[in-house]
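Chemist: Which chain is which? The protein sequence lines are A and B, in order.
Throughout the first sequence, residue numbering follows my numbering, covering 442 to 655 in sequence.
Throughout the second sequence, residue numbering follows my numbering, covering 442 to 655 in sequence.
Cβ atoms here follow ideal geometry from the backbone N, Cα and C, with glycine treated the same way.
Keep in mind that this is a model prediction, so the values were computed, not measured.
Protein chains: 2
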Amino acid sequence: MAEKPSRKTRILDAAEQLFAEHGYDGVTLRQIATLAHVDVALTSYHFGSKDNLFRSVFERRAVVLNDVRAQALDACMAAAAPHPPQLEAVIEAYLRPLGDIQGAADEGWRHYLSLVAWVNSSTEWGNELMTEYFNPFVQRFIEVLRTVLPDADEQALFWGYQFMSGALTLTFADTRRMDRLSGGAASSTKTATGYDHMIPFVAAGFRQICGHTH
Amino acid sequence: MAEKPSRKTRILDAAEQLFAEHGYDGVTLRQIATLAHVDVALTSYHFGSKDNLFRSVFERRAVVLNDVRAQALDACMAAAAPHPPQLEAVIEAYLRPLGDIQGAADEGWRHYLSLVAWVNSSTEWGNELMTEYFNPFVQRFIEVLRTVLPDADEQALFWGYQFMSGALTLTFADTRRMDRLSGGAASSTKTATGYDHMIPFVAAGFRQICGHTH
DNA sequence: GTCTATATGTTGATAGAC
DNA sequence: GTCTATCAACATATAGAC
Chain A
442 MAEKPSRKTR
452 ILDAAEQLFA
462 EHGYDGVTLR
472 QIATLAHVDV
482 ALTSYHFGSK
492 DNLFRSVFER
502 RAVVLNDVRA
512 QALDACMAAA
522 APHPPQLEAV
532 IEAYLRPLGD
542 IQGAADEGWR
552 HYLSLVAWVN
562 SSTEWGNELM
572 TEYFNPFVQR
582 FIEVLRTVLP
592 DADEQALFWG
602 YQFMSGALTL
612 TFADTRRMDR
622 LSGGAASSTK
632 TATGYDHMIP
642 FVAAGFRQIC
652 GHTH
Chain B
442 MAEKPSRKTR
452 ILDAAEQLFA
462 EHGYDGVTLR
472 QIATLAHVDV
482 ALTSYHFGSK
492 DNLFRSVFER
502 RAVVLNDVRA
512 QALDACMAAA
522 APHPPQLEAV
532 IEAYLRPLGD
542 IQGAADEGWR
552 HYLSLVAWVN
562 SSTEWGNELM
572 TEYFNPFVQR
582 FIEVLRTVLP
592 DADEQALFWG
602 YQFMSGALTL
612 TFADTRRMDR
622 LSGGAASSTK
632 TATGYDHMIP
642 FVAAGFRQIC
652 GHTH
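1) Just reading off the alpha helix (DSSP H) that B:N493 is part of, what are its end residues?
2) If you follow the alpha helix (DSSP H) that B:T588 is in, where does it begin and where does it stop?
3) Taking the alpha helix (DSSP H) that A:W566 belongs to, which residues open and close that run?
4) Taking Cβ-Cβ distances below 9 Å as the criterion, which residues of the segment 455-485 of chain A are in contact with chain B?
5) On a CA-only basis, which of A:V560, A:M518, A:A545 is nearest A:A534? Give me that one, please.
6) Grab the span of the alpha helix (DSSP H) containing B:D637 for me, first residue to last.
7) Counting only C-beta atoms, is A:E573 closer than 7 Å to chain B at any point?
8) Can you name, in chain order, every residue of its own chain whose Cβ lies under 7 Å from the Cβ of B:I473, other than the five neighbours on each side?
9) In chain order, what residues of the same chain have a beta carbon less than 6 Å from the beta carbon of A:S640, not counting five sequence neighbours either side?
10) Using 10 angstroms around the beta-carbon of B:R665, count the other beta-carbons present and answer buried if the total reaches 16, otherwise exposed.
11) Counting only the same chain and skipping the five closest in sequence on each side, list residues whose C-beta sits under 7 Å from that of A:D620.
12) Return yes when the C-beta of A:A545 is under 6 Å from any heavy atom of the ligand MG, and no when it is not.
13) Report yes if the CB atom of A:R510 is closer than 7 Å to the CB atom of A:F604, and no otherwise.
14) At the level of alpha carbons, what is the spacing between B:L506 and A:V505?
15) Just to confirm before moving on: does the CB-CB distance between A:A645 and B:A645 stay below 7 Å?
16) Assuming A:G663 contacts A:W550 under a Cβ cut-off of 8 Å, what Cβ separation, rounded to an integer in Å, is found between them?
17) What residue does the alpha helix (DSSP H) around A:Q596 start on, and which one ends it?
18) Less than 7 Å between CB atoms is the rule here; does B:E595 satisfy it with respect to chain A?
19) Buried or exposed: A:Q580, going by 16 or more other Cβ atoms within 10 Å of its Cβ?
20) Are there three or more Cβ pairs, one per stretch, closer than 8 Å when the segment 591-604 of chain A is compared with the segment 565-578 of chain A?
21) Could you compute how far the alpha carbon of A:T632 sits from the alpha carbon of B:Y486?
22) At which residues does the alpha helix (DSSP H) containing A:S485 begin and terminate?
23) Using a Cβ-Cβ cut-off of 7 Å (strictly less than) and excluding sequence neighbours within five positions of B:V479, which residues of its own chain qualify?
24) Tell me which residues share the same chain as A:L514 and place their Cβ nearer than 6 Å to its Cβ, disregarding the 5 neighbours each side in the sequence.
25) Following the continuous alpha helix (DSSP H) through B:H463, name the residue where it begins and the one where it ends.
26) Chain A partners of B:N576, CB-CB under 9 Å?
27) Could you check whether the Cβ of B:L453 sits closer than 7 Å to any Cβ belonging to chain A?
28) For chain A, check one thing: does any of its Cβ atoms lie closer than 7 Å to the Cβ of B:A516?
29) Please compile the residues from chain A whose C-beta is within a distance smaller than 8 Å of the C-beta of B:R648.
30) Any C-beta of chain B sitting closer than 7 Å to the C-beta of A:L611?
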């Protein structure tokens with residue numbers, strides 16, 4: 442199966458890539474249809490409106506992503522049980538699956554993460570879509586963080602999450618600015634290296650503003 | 442002076458606000474002209490093309506911003522001389538001026554920071570504009586960081602900067618997602634609180650991945 | 001500098017043949 | 001499901017009167 446993707450799937454794939462690269466308003470239905478090797482009218486037939494196509498793209502992989510991340514968090518807690526896990530392990534469970542996706546061969550998933558980065562920074566879509574699809578898992582993640590950082594006050598926990606989220610999504614966006622800034626010493630294409638640094642960076646940040654662990 | 446802003450200035454102000462809110466493609470020259478209470482044709486007369494208007498908006502405050510930040514960094518180093526400053530002081534010099542701007546009454550500057558956030562995450566404009574206008578100062582900042590973190594390897598320094606930049610720009614974007622996520626416990630409108638947390642968070646992160654100070 | 005009028009192209013969406 | 005043909009609305013940009 443999946444030998445020949447259906448036209449509907451090709452539209453989703455093309456839209457995913459182009460929306461990720463240029464944002465909602467930066468893409469026309471004609472560009473999407475062209476990339477998908479499909480007639481423009483088909484986008485309307487399958488998805489009704491451009492707005493609905495965008496939502497469909499966002500929704501498609503959101504549920505899969507939530508599953509992967511929930512499993513990583515489960516595994517992290519099971520490995521430490523009956524004790525609470527280490528802070529680093531919790532952060533790792535949150536970030537590493539995304540690093541694996543970004544480093545994998547699958548282009549579609551890379552485009553999707555780039556799209557999430559765009560949505561997360563968007564004032565128009567960010568609040569609505571991120572809240573609807575990702576808040577439940579994020580809330581669970583923060584609950585786990587709270588058990589690991591018992592002295593943390595409410596505000597610090599959420600600010601810490603915001604900083605982590607910002608660091609993460611800029612890495613998704615992959616503007617290659619770092620490559621030029623560093624003169625080639627550090628490259629945004631070396632995603633595994635990025636996550637190897639991101640996890641201890643974020644963990645240390647949380648520990649600093651949320652009191653020490655255990 | 443500055444009693445009545447010129448039409449040209451009003452166009453810049455309106456464009457700044459709308460580009461920050463909706464991105465380059467999400468705004469039309471007509472919307473800009475309407476908000477500026479000006480005829481559409483004036484945008485072409487004063488700025489030629491939409492592309493050039495966008496660049497003009499970005500450029501206008503970039504030089505001012507670089508001055509403010511350079512002064513903060515100078516003051517930080519002068520206060521510690523002849524010794525190198527504390528890591529926290531260097532991070533503070535980098536971040537606090539932006540927090541002050543964000544917390545101030547000036548709407549124009551707030552829009553500008555939001556625009557910078559958008560540009561920083563944009564694959565199309567990010568590399569070009571950020572590199573041109575902000576890389577020189579950022580490079581100087583990283584040089585100072587290197588003296589404070591002598592054991593840091595090249596890569597870690599740039600990844601740390603990338604994480605800080607991501608945390609910062611998401612705070613600029615102000616999607617108000619955190620307000621809902623936290624059920625009101627933490628609000629993205631309380632910018633001073635955000636920077637009070639961001640500075641120790643980032644400093645601890647740098648210390649973790651770049652070796653200890655002095 | 002500022003406006004009116006207009007040129008020229010593109011947009012998202014639909015109606016209807018196949 | 002897929003295509004052709006077409007729509008009205010809107011885009012950026014310019015030419016020329018004032």
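Modeler: In short:
1) Residue mapping note: residue 493 of chain B aligns to position 52 of the second sequence, counting from 1. Segment 491-521, the alpha helix (DSSP H) holding B:N493.
2) On the second sequence, position 147 is the one that residue 588 of chain B refers to. For B:T588, the enclosing alpha helix (DSSP H) starts and ends at 572-589.
3) Within the first sequence, the letter at position 125 stands for residue 566 of chain A. That residue, A:W566, is in no alpha helix (DSSP H); it is neither H nor E in DSSP.
4) A461, E462, H463, G464, Y465, D466, G467, V468
5) For the purposes of this step, residue 534 of chain A is taken as residue 93 along the first sequence, with counting starting at 1. A:A534 has its Cα closest to that of A:M518, out of A:V560, A:M518, A:A545.
6) In the second sequence, counting from the first residue as 1, residue 637 of chain B sits at position 196. Counting along the chain, the alpha helix (DSSP H) containing B:D637 begins and ends at 632-650.
7) On the first sequence, position 132 is the one that residue 573 of chain A refers to. It does not; no Cβ of chain B falls within 7 Å.
8) Translated into positions along the second sequence, residue 473 of chain B becomes position 32. Closer than 7 Å at Cβ, skipping near neighbours: I452, A455, A456, L459, T484.
9) The residue labelled residue 640 of chain A in the question sits at position 199 within the first sequence. A small fix is needed here, since residue 640 of chain A is Ile in this sequence, not Ser. Hits under 6 Å: I532, E533, L536.
10) Because chain B spans 442 through 655 in this model, residue 665 of chain B falls outside it and cannot be assessed.
11) For the purposes of this step, residue 620 of chain A is taken as the residue at position 179 of the first sequence. Within the same chain, A:D620 has close Cβ partners S628, S629.
12) With respect to the ligand MG, the structure offers nothing, as it holds no ligand at all.
13) For the purposes of this step, residue 510 of chain A is taken as residue 69 along the first sequence, with counting starting at 1. For the purposes of this step, residue 604 of chain A is taken as residue 163 along the first sequence, with counting starting at 1. Contact: no.
14) Within the second sequence, numbered from 1, the residue matching residue 506 of chain B stands at position 65. Within the first sequence, numbered from 1, the residue matching residue 505 of chain A stands at position 64. Using only the alpha carbons, I get a separation of about 42 Å.
15) Locating residue 645 of chain A in the first sequence gives position 204, where the first residue counts as 1. Locating residue 645 of chain B in the second sequence gives position 204, where the first residue counts as 1. Contact annotation: A:A645 and B:A645 have beta-carbon atoms nearer than 7 Å.
16) This structure gives no information on residue 663 of chain A, because the portion of chain A shown stretches from 442 to 655.
17) On the first sequence, residue 596 of chain A is found 155 positions in, with the first residue counted as 1. Looking at the DSSP string, the run of the alpha helix (DSSP H) that includes A:Q596 is 595-614.
18) Here the question's residue 595 of chain B lines up with position 154 in the second sequence. By this cut-off, B:E595 is an interface position.
19) By one-based count along the first sequence, residue 580 of chain A stands at place 139. The residue in question, A:Q580, is exposed, as its Cβ has fewer than 16 Cβ neighbours within 10 Å.
20) no
21) Within the first sequence, the letter at position 191 stands for residue 632 of chain A. Within the second sequence, the letter at position 45 stands for residue 486 of chain B. If I take the Cα positions, the gap works out to 45 Å.
22) Within the first sequence, the letter at position 44 stands for residue 485 of chain A. Where A:S485 is concerned, the enclosing alpha helix (DSSP H) stretches over 481-488.
23) Counted from its first residue, the second sequence places residue 479 of chain B at position 38. Only R448, R451, I452 meet the Cβ criterion.
24) If you number the first sequence from 1, residue 514 of chain A lands on position 73. For A:L514, where only same-chain residues beyond five positions count, the Cβ hits under 6 Å are A534.
25) Counted from its first residue, the second sequence places residue 463 of chain B at position 22. From DSSP, the alpha helix (DSSP H) with B:H463 extends over 448-463.
26) By one-based count along the second sequence, residue 576 of chain B stands at place 135. Chain A residues near B:N576: R618, R621, L622.
27) Mapped onto the second sequence, residue 453 of chain B falls at position 12. B:L453 does not count as touching chain A.
28) Position 75 of the second sequence, counted from the first residue, corresponds to residue 516 of chain B. Answer no: the Cβ-Cβ gap between B:A516 and chain A never drops below 7 Å.
29) Position 207 of the second sequence, counted from the first residue, corresponds to residue 648 of chain B. Simply A645.
30) Here residue 611 of chain A refers to the residue found at position 170 of the first sequence. Cβ-Cβ to chain B under 7 Å: yes for A:L611.
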